[in-house]
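*Asks:* Protein sequence lines correspond, in order, to chains A and B. Under this note's numbering, the letters of the first sequence match residues 1 to 237, in that order. Under this note's numbering, the letters of the second sequence match residues 1 to 237, in that order. Pasting a structure below so you can have a look.
There are 2 protein chains.
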Amino acid sequence: MTTTPYDPDAFPPFAVTVDIVVLTVAEELSVLVVERGADPFAGELALPGGFVLPEESIQDAAQRELAEETGIDAATLPDVHLEQLATFGSVARDPRMRVVSVAYVALSPTQPAPAAGTDAAAAHWIPVSEALEHGLAFDHDEILTVGVDRARSKLEYTTLATVLAGTDFTLGELQRIYEVTWGFEVERANFRRKVLATPGFVEPTGERRTGRGGGAPAAVYRAGPGTVLTPPLMRTA
Amino acid sequence: MTTTPYDPDAFPPFAVTVDIVVLTVAEELSVLVVERGADPFAGELALPGGFVLPEESIQDAAQRELAEETGIDAATLPDVHLEQLATFGSVARDPRMRVVSVAYVALSPTQPAPAAGTDAAAAHWIPVSEALEHGLAFDHDEILTVGVDRARSKLEYTTLATVLAGTDFTLGELQRIYEVTWGFEVERANFRRKVLATPGFVEPTGERRTGRGGGAPAAVYRAGPGTVLTPPLMRTA
DNA sequence: CCAATAGTGTCTATCAGACAGTATCGA
DNA sequence: TCGATACTGTCTGATAGACACTATTGG
């Protein structure tokens, strides 16, 4: 806002979009990508996203695109964490015109592949490493990198790993969320101690679940009311 | 980016601005505000900012506005830290038209009042508490709050306090940066130990400086090459 | 039995909080 | 001398890393 009055017809013409880095933990840390149908970058992979409409806030646009284009089951949509990441506004990031993109990060519980036949038929999960090796359209490589960095650091000082773990999880499963996201192993006993000693991180459900490949049945937990981890769960490696 | 091709004439009309939360530590934590000359909110206080031009990136726009409208001495401008904060895009945040604002935070060394007679004659420092009590134009109260939160938490896990302290500083002065920014006192001996034990935080200049109100002369330090504090300097209170 | 996972206990190094004590300046 | 700041040292409680040990499952 300058002190200069401005004429609605004189403002520089910008388009505003949202792009969403939707992350989940499968075998590897994975991101949801869509195949572009039109030029530029037709046929290439890109992050899901779209225009912000004149009558919706940017946050609303991100939520709408997450629902529409993402193919995430409507039942689990409320469990998805969505937060603003950063805004990307280089002059030539879109070859056609001036487009400013407000990027969001979404963390989703482990998900099956989006159902075919929906709006999001072109959407599918691929490992982040694969996405970065292959390369995404526009500046989406950079957006993805920033998004993954944000997710990794948020696991340190928030309880958001529970979002990636889903509604019910064992401590072993929660530990795998950290290990897959961070890319290195975590000492089991110390991890348990820290998680259980942090008030509001997890709550026992009282149930026990038996693993797939042998091993003692594990206690099942759900997310607690806490959101921050003070002191944080450091990633030393 | 959707897979739908889009017509340059059909995109929704948005204006994109930058608004900057420029913070410094004086007697209190203070923010640079400008007096608005035109409606809406004519005569009220607002954060400095302005339009992003068609041929500049958003980051460039923020830097330009910081230099132009801010009244910060050109010699100290390179020492100012500028980082993107968040983007604010509610539908009605500007009563005239749809405006999306990309907010930035700037941390400036302690500064004298901006020189009168410049473009930034309307700019001046006021304590953050005063700004929030009095109220700022548009949604700038919210932007300021988010900016101050960002600054406070960044002091925890980065060495950015050295930016607020200026080129040369004593450990007592650096401690005051923390105390004023966080709003509570820090234990002296522990603060010294932590700062000196963190590699790359500060470097001794070899000089000593004598304070204003008596006391032994203090060693003078400058910022070191380090940027992160691991583990962080926690604010327990 | 073996492999694999779950769960517990313990030793130790590190570090932050708290606080005492000495030193050096200006007024 | 007094007040104020600079600087050092030390004790202690909390905690994370490392690792050993037991328990319970499937195959």
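Yeah, the Cβ is synthetic: ideal placement off N, Cα and C, and Gly gets one too.
So Pro54 (chain A) contacts chain B; which residues on that side make the cut at Cβ distance below 9 angstroms?
*Replies:* Counting from one through the first sequence, the residue named residue 54 (chain A) turns up at place 54. Within chain B, the residues near Pro54 (chain A) are Pro12, Pro13, Phe14, Val91, Arg98.
*Asks:* Got a sec: is the Cβ-Cβ distance from Ser30 (chain B) to anything in chain A below 7 angstroms?
*Replies:* Translated into positions along the second sequence, residue 30 (chain B) becomes position 30. Judged by the 7 angstroms Cβ criterion, Ser30 (chain B) is not in contact with chain A.
*Asks:* How is Gly211 (chain B) classed by DSSP in three states: helix, strand or coil?
*Replies:* In the second sequence, the residue the question calls residue 211 (chain B) occupies position 211. Note: Gly211 (chain B) maps to coil in three-state DSSP.
*Asks:* Tell me which same chain residues have a C-beta within less than 7 angstroms of the C-beta of Ala151 (chain B), skipping the five on either side of it?
*Replies:* Reading the second sequence from its first residue, position 151 is the one you call residue 151 (chain B). Here the set comprises Leu23, Val105, Leu107, Thr181.
*Asks:* Check the Cβ of Thr87 (chain B) against every Cβ in chain A and list those closer than 7 angstroms, keeping chain order.
*Replies:* For the purposes of this step, residue 87 (chain B) is taken as the residue at position 87 of the second sequence. Neighbours of Thr87 (chain B) on chain A, chain order: Ile58, Gln84, Thr87, Val102.
*Asks:* Residues in its own chain within less than 8 angstroms of Ala42 (chain A) by CB, not counting five upstream and five downstream?
*Replies:* By one-based count along the first sequence, residue 42 (chain A) stands at place 42. Cβ neighbours of Ala42 (chain A) beyond the five flanking positions: Arg36.
*Asks:* Pick from A:Leu144, A:Leu132, A:Gly200, A:Arg222: whose alpha carbon is nearest that of Gly172 (chain A)?
*Replies:* For the purposes of this step, residue 172 (chain A) is identified with residue 172 of the first sequence, where counting begins at 1. When C-alpha distances from Gly172 (chain A) are compared across A:Leu144, A:Leu132, A:Gly200, A:Arg222, the shortest belongs to A:Arg222.
*Asks:* Specify the secondary structure class of Ile20 (chain A) as computed by DSSP and reduced to three states.
*Replies:* Your numbering for residue 20 (chain A) matches position 20 in the first sequence. Here Ile20 (chain A) sits in strand by DSSP.
*Asks:* Does the separation of the CB atoms of Thr70 (chain B) and Gly49 (chain B) fall below 7 angstroms?
*Replies:* Your numbering for residue 70 (chain B) matches position 70 in the second sequence. Your numbering for residue 49 (chain B) matches position 49 in the second sequence. Their beta carbons are not under 7 angstroms apart, which means Thr70 (chain B) does not touch Gly49 (chain B) by this criterion.
*Asks:* Tell me whether Ser129 (chain A) sits in a helix, a strand or coil according to DSSP, three-state version.
*Replies:* As a working mapping, residue 129 (chain A) is identified with position 129 in the first sequence. Note: Ser129 (chain A) maps to helix in three-state DSSP.
*Asks:* Between Thr227 (chain B) and Asp168 (chain B), what straight-line distance do the alpha-carbon atoms span, to the nearest angstrom?
*Replies:* Against the second sequence, residue 227 (chain B) aligns to sequence position 227. Against the second sequence, residue 168 (chain B) aligns to sequence position 168. About 17 angstroms.
*Asks:* By the DSSP assignment, the beta strand (DSSP E) with Arg222 (chain B) in it spans what residues?
*Replies:* In the second sequence, the residue the question calls residue 222 (chain B) occupies position 222. It spans 218 to 223 - the beta strand (DSSP E) in which Arg222 (chain B) sits, taken as one unbroken run.
*Asks:* Nearest to His99 (chain A) by CA position, among B:Phe14, B:Pro217, B:Pro199, B:Leu82, is which residue?
*Replies:* Indexing the first sequence from 1 puts residue 99 (chain A) at position 99. First, the residue type needs correcting, since residue 99 (chain A) is Val and not His in the sequence shown. It is B:Phe14 whose Cα lies nearest to the Cα of Val99 (chain A).
*Asks:* Which residue or residues does DSSP assign as beta-bridge partners of Pro109 (chain A)?
*Replies:* Numbered from its first residue, the first sequence carries residue 109 (chain A) at position 109. Note: Pro109 (chain A) sits in no beta bridge, so no partner.
*Asks:* DSSP three-state label for Val148 (chain B), please.
*Replies:* For the purposes of this step, residue 148 (chain B) is taken as residue 148 along the second sequence, with counting starting at 1. Helix at Val148 (chain B).
*Asks:* Pop quiz: Gly224 (chain B) and Gly206 (chain B) are said to be a contact at Cβ under 8 angstroms. What is the actual Cβ separation, rounded to whole angstroms?
*Replies:* What you label residue 224 (chain B) is simply residue 224 of the second sequence in a count that begins at 1. What you label residue 206 (chain B) is simply residue 206 of the second sequence in a count that begins at 1. Contact flag wrong, Cβ pair sits at about 14 angstroms.
*Asks:* Helix, strand or coil for Gly50 (chain B), going by three-state DSSP, please let me know.
*Replies:* As a position in the second sequence, residue 50 (chain B) is number 50, starting the count at 1. Note: Gly50 (chain B) maps to strand in three-state DSSP.
*Asks:* Is it true that the CB of Thr210 (chain A) sits closer than 7 angstroms to the CB of Pro217 (chain A)?
*Replies:* Position 217 of the first sequence, counting from 1, holds the residue named residue 217 (chain A). Position 210 of the first sequence, counting from 1, holds the residue named residue 210 (chain A). For Pro217 (chain A) and Thr210 (chain A), yes; Cβs fall inside 7 angstroms.
*Asks:* Please list, in chain order, the chain B residues whose beta carbon lies closer than 9 angstroms to that of Pro231 (chain A).
*Replies:* By one-based count along the first sequence, residue 231 (chain A) stands at place 231. Against Pro231 (chain A), the close residues of chain B are Pro231, Pro232, Met234, in the order they occur along the chain (beta-carbon pairs closer than 9 angstroms).
*Asks:* On the DSSP letters alone, give me the boundaries of the alpha helix (DSSP H) that Leu160 (chain A) sits inside.
*Replies:* Translated into the one-based positions of the first sequence, residue 160 (chain A) becomes position 160. From DSSP, Leu160 (chain A) is part of no alpha helix (DSSP H); its letter is neither H nor E.
*Asks:* Which residue spans inside the region 50 to 82 of chain A form an unbroken alpha helix (DSSP H) run of at least 4?
*Replies:* Whole alpha helix (DSSP H) segments, 4+ residues: 58 to 70.
*Asks:* Taking C-alpha atoms, which residue in A:Phe184, A:Ala123, A:Asp139 lies nearest to Ala92 (chain A)?
*Replies:* In the first sequence, counting from the first residue as 1, residue 92 (chain A) sits at position 92. Cα-wise, what sits closest to Ala92 (chain A) is A:Asp139.
*Asks:* By alpha-carbon positions, which one of A:Ala197, A:Gln111, A:Ala86 ends up nearest to Glu142 (chain A)?
*Replies:* Reading the first sequence from its first residue, position 142 is the one you call residue 142 (chain A). Nearest C-alpha to Glu142 (chain A): A:Ala86.
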